[in-house]
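> Below is the structure I would like to discuss, written out as structure tokens.
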Amino acid sequence: MSDCIFCKIAAGEIPSNKVYEDDKILVFHDLEPQAPVHILMIPKKHITSTDDVTDADAELLGYMLTKVKDVAKEAGMDNGYRVVINCGEDGFQTVKHLHMHILGKRPMKWPPG
Ligand code: 5GP
Ligand code: ZN
15 MSDCIFCKIA AGEIPSNKVY EDDKILVFHD LEPQAPVHIL MIPKKHITST DDVTDADAEL
75 LGYMLTKVKD VAKEAGMDNG YRVVINCGED GFQTVKHLHM HILGKRPMKW PPG
């Protein structure tokens with residue numbers, strides 16, 4: 015997607031503060047952190063949102079979940095963390111490229127509001 019900011023970050027066209035990268039995913043710090051540690055994990059493949067996930071994405075999304083703990087531990091989130099995927103207008107998704115927020119190093123509240 016030529017006009018997608020996260021595709022551009024994945025392609026290295028826009029710089030990011032990288033935490034982890036492999037052939038399938040990129041993990042980087044959020045520009046406007048909502049917690050002492052606020053990391054984003056994206057698939058390099060453009061998927062607009064959870065509304066657009068297909069059976070063909072099952073392995074990729076499962077792979078992302080297996081990487082969460084590694085990223086969290088590496089970032090020092092030893093006391094837990096929160097994983098969030100926003101979708102659509104009511105979900106307050108602002109970037110239309112599926113991403114997981116991984117937030118930690120402070121106690122979270124529930125419901126999130
Ligand atoms: P959403 O609201 O779509 O779930 O979250 C998008 C997130 O991407 C926000 O937390 C926002 O701060 C972050 N973000 C938007 N643009 C950039 C960018 O260019 N670089 C980085 N590192 N984060 C961004
Ligand atoms: Zn994209």
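At position 34 of the sequence shown (counting the first as 1) the number is 48 in this note's numbering, and the numbers step up by one without a gap.
Using N, Cα and C, we set each Cβ at its ideal position, and we do this for glycine too.
1) With hydrogens ignored, establish whether the beta-carbon of residue 109 is closer than 7 angstroms to any heavy atom of the ligand 5GP.
2) If you follow the beta strand (DSSP E) that residue 118 is part of, which residue opens it and which one closes it?
3) Given a cut-off of 8 angstroms on the beta-carbon distance, is the pair residue 20 and residue 56 in contact?
4) Where does residue 209 sit, in a helix, a strand or coil, going by DSSP?
5) Three-state secondary structure (DSSP) at residue 35?
6) Quick check on the DSSP output: what are the complete alpha helix (DSSP H) runs of length 4 or more inside the segment 53-105, in order along the chain?
7) So who's on the other strand from residue 42, going by DSSP bridges?
8) Taking the alpha carbon of residue 117 as the point to measure from, which residue in 98, 102, 41, 60 has its own alpha carbon closest?
9) Under 8 angstroms between the Cβ atoms of residue 58 and residue 42?
10) Is residue 22 helix, strand or coil by DSSP?
Quick look at the numbers:
1) On the sequence shown, position 95 is the one that residue 109 refers to. Yes, since a heavy atom of the ligand 5GP falls inside the 7 angstroms radius drawn around the Cβ of residue 109.
2) Within the sequence shown, numbered from 1, the residue matching residue 118 stands at position 104. Unbroken beta strand (DSSP E) run through residue 118: 114-118.
3) Numbered from its first residue, the sequence shown carries residue 20 at position 6. Numbered from its first residue, the sequence shown carries residue 56 at position 42. Yes, they are a contact pair.
4) Outside the shown range of the chain (15 to 127) lies residue 209, about which nothing can therefore be said.
5) The residue given as residue 35 occupies position 21 in the sequence shown. Strand at residue 35.
6) Every unbroken stretch of the alpha helix (DSSP H) spanning 4 or more residues and falling wholly within the segment 53-105 is given here in chain order: 72-88.
7) Within the sequence shown, residue 42 is the residue found at index 28, counting from 1. In the DSSP output, where bridge partners are listed per residue, residue 42 has 32, 54.
8) Working through the sequence shown from its first residue, we reach residue 117 at position 103. Nearest Cα to residue 117 within the set 98, 102, 41, 60: 98.
9) The residue given as residue 58 occupies position 44 in the sequence shown. The residue given as residue 42 occupies position 28 in the sequence shown. Not a contact, by the Cβ cut-off of 8 angstroms.
10) Numbered from 1 along the sequence shown, position 8 holds the residue referred to as residue 22. Under the three-state reduction of DSSP output, residue 22 falls in the helix class.
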